[in-house]
Amino acid sequence: MIDGDVPGTAVSVAEPEQVVDEKNEEESGQDSFELDEIELSDRESEDIDVNHRRIKRISKLETIPNAKALCLRNNLIKLIENLDPLADKLVDLDLYDNQITKIQNLEVLRVLQVLDLSYNRIKTIENLGALKSLTKLYLVNNKISKIENLSGLPNLTMLELGANKIRKLENLDSFPNLEELFVGNNKISKLEGLENLPKLKILSIQNNRITKLEGLQNLVNLEELYISFNGISKIEGLDNLVNLQTLELARNRISRIENISHLSKLEEFWFNDNLVAEWDQLNILVPMKHLKTLYLERNPIYYAPDTAYRRKILLLLPWLRQLDATLTGVGLRT
Numbered sequence: 001m002i003d004g005d006v007p008g009t010a011v012s013v014a015e016p017e018q019v020v021d022e023k024n025e026e027e028s029g030q031d032s033f034e035l036d037e038i039e040l041s042d043r044e045s046e047d048i049d050v051n052h053r054r055i056k057r058i059s060k061l062e063t064i065p066n067a068k069a070l071c072l073r074n075n076l077i078k079l080i081e082n083l084d085p086l087a088d089k090l091v092d093l094d095l096y097d098n099q100i101t102k103i104q105n106l107e108v109l110r111v112l113q114v115l116d117l118s119y120n121r122i123k124t125i126e127n128l129g130a131l132k133s134l135t136k137l138y139l140v141n142n143k144i145s146k147i148e149n150l151s152g153l154p155n156l157t158m159l160e161l162g163a164n165k166i167r168k169l170e171n172l173d174s175f176p177n178l179e180e181l182f183v184g185n186n187k188i189s190k191l192e193g194l195e196n197l198p199k200l201k202i203l204s205i206q207n208n209r210i211t212k213l214e215g216l217q218n219l220v221n222l223e224e225l226y227i228s229f230n231g232i233s234k235i236e237g238l239d240n241l242v243n244l245q246t247l248e249l250a251r252n253r254i255s256r257i258e259n260i261s262h263l264s265k266l267e268e269f270w271f272n273d274n275l276v277a278e279w280d281q282l283n284i285l286v287p288m289k290h291l292k293t294l295y296l297e298r299n300p301i302y303y304a305p306d307t308a309y310r311r312k313i314l315l316l317l318p319w320l321r322q323l324d325a326t327l328t329g330v331g332l333r334t
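Numbering (the UniProt record's numbering), first residue to last: 1 to 334.
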């Protein structure tokens with residue numbers, strides 16, 4: 001998982017404004033540098049990492065002529081520019097944690113496959129349509145309020161939009177090859193717009209405002225669903241998700257474990273911090289012989305005497321390898 005998503009665990013993500021303010025305070029008064037002024041061990045390398053070096057501008061890329069991967073994380077860059085010297089070489093561009101406000105001047109990167117613009121000040125997704133080779137796009141923790149202007153990216157397999165200000169799932173109908181979608185830590189209130197993602201394997205929508213499981217019927221290849229920290233009260237709408245291996249529903253308002261008996265491939269079920277109060281709710285899990293990890297802590301049944309809680313579950317599901325945060329010993333070498 002990406003976008004800080006950890007099953008069953010609270011995610012604390014600083015607002016972009018806070019990140020930028022702290023960074024400006026830290027860097028104020030310090031000198032900035034250009035790329036040709038930085039000492040690099042090998043300027044002929046295909047993998048150039050210039051992390052946290054107070055670089056203010058992208059320039060002098062002709063001094064790293066063979067770069068296929070360029071990492072400029074944790075710098076002071078405000079403008080995407082001067083990429084022409086690497087137009088036919090650069091495959092991976094990492095500008096994580098800078099001060100960029102606008103996506104621009106990327107059209108020259110004809111073979112770019114991975115772009116990371118996370119932790120910047122970007123408000124609008126734009127000017128990406130020329131990146132026909134792009135497969136992975138990271139835009140975590142910006143100021144984006146709308147999913148838009150992505151229709152020209154047919155080869156995209158991974159889209160990471162966590163920790164933004166998005167309120168609606170939309171404009172996702174032109175990604176025939178998308179396999180991973182991360183939109184956790186936004187303000188989304190409805191599961192929708194997912195009908196045309198036939199290859200999607202991972203959907204992470206943790207920490208939003210979802211109250212109903214719906215709109216998932218076409219995701220027949222989905223293997224992992226992460227939807228903790230929402231307001232869901234019932235398990236439903238999973239009928240076609242027969243390939244699901246991980247189901248993460250922690251921190252919701254669900255009182256019944258139901259409508260999952262057809263999930264024969266399920267290996268991980270995260271259901272802690274819900275409202276299950278009756279032991280017979282667990283009977284639905286008995287046929288699931290592939291289930292390895294089960295989280296049920298802090299449901300009402302958890303507050304039976306500690307030994308009773310653990311003993312009852314392991315008697316019912318003796319093949320479990322992990323119950324909550326504790327390994328059971330099953331499958332471990334002696």
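Using N, Cα and C, we set each Cβ at its ideal position, and we do this for glycine too.
| Query | Result |
| --- | --- |
| Is any heavy atom of the ligand ATP found at a distance shorter than 7 Å from the C-beta of Gly237? | With respect to the ligand ATP, the structure offers nothing, as it holds no ligand at all. |
| From the DSSP output, which residues share a beta bridge with Val114? | Asp92, Lys136 |
| Is Asp42 helix, strand or coil by DSSP? | coil |
| Classify Arg251: buried if its beta carbon has 16 or more other beta carbons within 10 angstroms, exposed otherwise. | buried |
| Could you have a look at Glu258 and say whether DSSP puts it in helix, strand or coil? | coil |
| Under 8 Å by Cβ, that's how I've got Gln206 and Ser228 pegged, so tell me the actual separation to the nearest angstrom. | 5 Å |
| For Val242, which of Lys201, Leu109, Ser233, Asn82 has the nearest alpha-carbon? | Lys201 |
| At the level of alpha carbons, what is the spacing between Arg54 and Ala304? | 55 Å |
| DSSP three-state label for Trp279, please. | helix |
| Please return the same chain residues whose Cβ sits closer than 8 Å to the Cβ of Ile235, not counting the five positions on each side in sequence. | Leu213, Leu249, Ile254, Arg256, Ile257, Glu258, Asn259, Ile260 |
| For a test of the three-state rule: what should DSSP assign to Glu248, helix, strand or coil? | strand |
| What whole-angstrom Cβ distance do Glu267 and Lys292 have, given they're in contact under 8 Å? | 5 Å |
| If I'm right that Val114 touches Thr135 with Cβ under 8 Å, what's the distance once you round it to whole angstroms? | 7 Å |
| Have a look at Asn218 and Lys199 and give me their C-alpha separation to the nearest angstrom. | 10 Å |
| Apply the 10 Å Cβ neighbour rule to Val183 and answer buried if 16 or more other Cβ atoms are within range, or exposed otherwise. | buried |
| Tell me the DSSP secondary structure of Glu37 in three-state form. | helix |
| According to DSSP, what are the bridge partners of Thr63? | Paired residue(s): none; Thr63 is not in a bridge. |
| For Asp49, list the residues DSSP reports as bridge partners. | Cys71 |
| How about Ile301 and Ala277: are their beta carbons less than 8 Å apart? | yes |
| Cα separation between Leu79 and Gly162? | 22 Å |
| Give me the residue from Asp97, Pro287, Phe271, Ala308 with the minimum Cα distance to Leu294. | Phe271 |
| State the start and end residues of the unbroken beta strand (DSSP E) segment that holds Glu180. | 180-182 |
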